[in-house]
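In our numbering, the protein residues as written are 70 to 191.
Note that the Cβ used here is the ideal one computed from N, Cα and C, for glycine as well.
Here the structure comes first, spelled out in structure tokens, and everything after it is commentary.
Here you go:
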């Protein structure tokens, strides 16, 4: 049984090497040789900034064993009929969120009895 899995794995690696110059170790690669993909996920807006912040703070992006960006800062931005969460690691994101009319999330805000709040930027 183990021999079958090893053979299957080797076959997959061989196919990948044929398909990808990077896996072959091709030293003549240029940036344009790589495919660029953009992923966007849209969600329905939340009623309040605080709810958007709570979703951000508990999202798979920020928490869990396989968190994508555990040190990102949560923001809430207005959208149509509510607010959407936004999590970013770059300091420049605050300016982007400010321009959108958003706020910085403050989970467990001690000045507000431990409630999640959102402070306007600027």
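DSSP bridge partner residues for residue i (one or two, in chain order)
i: residue 156; result: 143
i: residue 115; result: 152
i: residue 186; result: 175
Segment limits, beta strand (DSSP E) that includes residue i
i: residue 178; result: 172 to 178
Three-state secondary structure (DSSP) of residue i
i: residue 129; result: coil
i: residue 191; result: coil
Span of the alpha helix (DSSP H), counted from its first residue to its last, around residue i
i: residue 99; result: Neither: residue 99 is in no alpha helix (DSSP H) and is coded neither H nor E.
i: residue 166; result: 162 to 169
Contacts around residue i, its chain only, beta-carbon distance under 6 Å, and the 5 residues preceding and following it disregarded
i: residue 137; result: 130
i: residue 147; result: 170
Beta-carbon proximity list for residue i, same chain, < 7 Å, skipping 5 on both sides
i: residue 194; result: One cannot answer for residue 194 here, as it falls past the ends of the chain, which runs 70 to 191.
i: residue 118; result: 145, 152, 172, 187
i: residue 127; result: none
i: residue 123; result: 185
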